[in-house]
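Worksheet: one structure, shown below.
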Amino acid sequence: DAHRSNLIRIAWSGARHLQRHRETVWDGQVVLDKGRILRAEGYAFDSPAEGITFCNEQRVEWRSITTGDTDGILLELDAPPEARLHFSSPPKSFSLALRDIQDEPRVYEAGGIRQQVVVQRVSGAAGPRNVEFSYTDTAMPAGCQAYYVRVLQQNGAMAWSSPLYITREW
Numbered sequence: 007d008a009h010r011s012n013l014i015r016i017a018w019s020g021a022r023h024l025q026r027h028r029e030t031v032w033d034g035q036v037v038l039d040k041g042r043i044l045r046a047e048g049y050a051f052d053s054p055a056e057g058i059t060f061c062n063e064q065r066v067e068w069r070s071i072t073t074g075d076t077d078g079i080l081l082e083l084d085a086p087p088e089a090r091l092h093f094s095s096p097p098k099s100f101s102l103a104l105r106d107i108q109d110e111p112r113v114y115e116a117g118g119i120r121q122q123v124v125v126q127r128v129s130g131a132a133g134p135r136n137v138e139f140s141y142t143d144t145a146m147p148a149g150c151q152a153y154y155v156r157v158l159q160q161n162g163a164m165a166w167s168s169p170l171y172i173t174r175e176w
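All residue numbers for the sequence shown refer to the working numbering, where the first residue is 7 and numbers rise by one.
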């Protein structure tokens, strides 16, 4: 499909368990067997010790630890639909053809507490600068409640609003 995005997000998340030392080490790599990786960038890495450590036209390597949060990579590819991505990391390894990566996420469970890898095509287009929405909390208890607006950016970074305080008096 000539109109399909060539931008792929591979994101991993979760923790081994809920106690101390719950972190999951995701150090690993992804290899493309045909075509080229044009660009790779980190997604939601939250420490300078984490991130991409090596990248060429066929392989990307990274260091990553999650404790319930999400890390990952964004790949811009120039590859045929039959090309395969081979993901390899201690919690999970798998292989899939580019033709099988759609807009809907492909989820690979890796055990633990929400440990998983999610692969999905994403749009390379810039998102809207202004958004309007409404929300009704049908289960809001009486009293003052704080509400926040969270924006998730394409690179995995988040922006939060200041709290909006709403008081229900009845």
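Positions of the beta carbon are idealized from the N, C-alpha and C atoms, including for glycine.
Which value, in whole angstroms, describes the spacing of the CA atoms of Ser140 and Pro134? Translated into the one-based positions of the sequence shown, residue 140 becomes position 134. Translated into the one-based positions of the sequence shown, residue 134 becomes position 128. Ser140 and Pro134: Cα-Cα distance of roughly 17 angstroms.
I'd like to confirm the pairing. Which residues does DSSP put opposite Leu80 in its beta bridges? Taking the first residue of the sequence shown as position 1, residue 80 is located at position 74. Bridge partners of Leu80: Arg15, Glu47.
Could you compute how far the alpha carbon of Ala148 sits from the alpha carbon of Val157? As a first step, residue 148 is located in the sequence shown; it is residue number 142 there, counting from the start. As a first step, residue 157 is located in the sequence shown; it is residue number 151 there, counting from the start. Whole-angstrom Cα-Cα distance: 27 angstroms.
His9 versus Ser53 - alpha carbon distance: Here the question's residue 9 lines up with position 3 in the sequence shown. Here the question's residue 53 lines up with position 47 in the sequence shown. Residue placement at His9 is poorly supported in this model, since its pLDDT is 44, which falls under 50; the coordinates still yield a value, given next. Cα-Cα distance, rounded: 35 angstroms.
Looking only at its own chain, which residues have a Cβ that is under 7 angstroms from the Cβ of Phe100, when we skip the five neighbours before and after it? The residue given as residue 100 occupies position 94 in the sequence shown. Here the set comprises Phe93, Tyr114.
Inside the region 106 to 131 only - beta strand (DSSP E) runs reaching at least 3 residues: Within the region 106 to 131, the runs of beta strand (DSSP E) that reach at least 3 residues and sit entirely inside it are, in chain order, 112 to 115, 119 to 128.
Taking the alpha carbon of Thr72 as the reference point, which residue from Val125, Ala21, Gln126, Asn12 has its own alpha carbon closest? Within the sequence shown, numbered from 1, the residue matching residue 72 stands at position 66. That would be Ala21, whose Cα lies nearest to the Cα of Thr72.
Inter-stretch contact (C-beta, 8 angstroms, three-pair minimum) for the region 32 to 47 and the region 77 to 92: Flag = yes, the region 32 to 47 and the region 77 to 92 touch.
Under 7 angstroms Cβ to Cβ from Asp7, same chain only, skipping five residues before and after it: list those, please. The count along the sequence shown starts at 1 and reaches residue 7 at position 1. Its pLDDT being 44, under 50, Asp7 is placed unreliably in this model, and the coordinates cannot settle the point.
Spatial distance of Tyr49 from Gln151 (CA atoms): Mapped onto the sequence shown, residue 49 falls at position 43. Mapped onto the sequence shown, residue 151 falls at position 145. Tyr49 and Gln151: Cα-Cα distance of roughly 32 angstroms.
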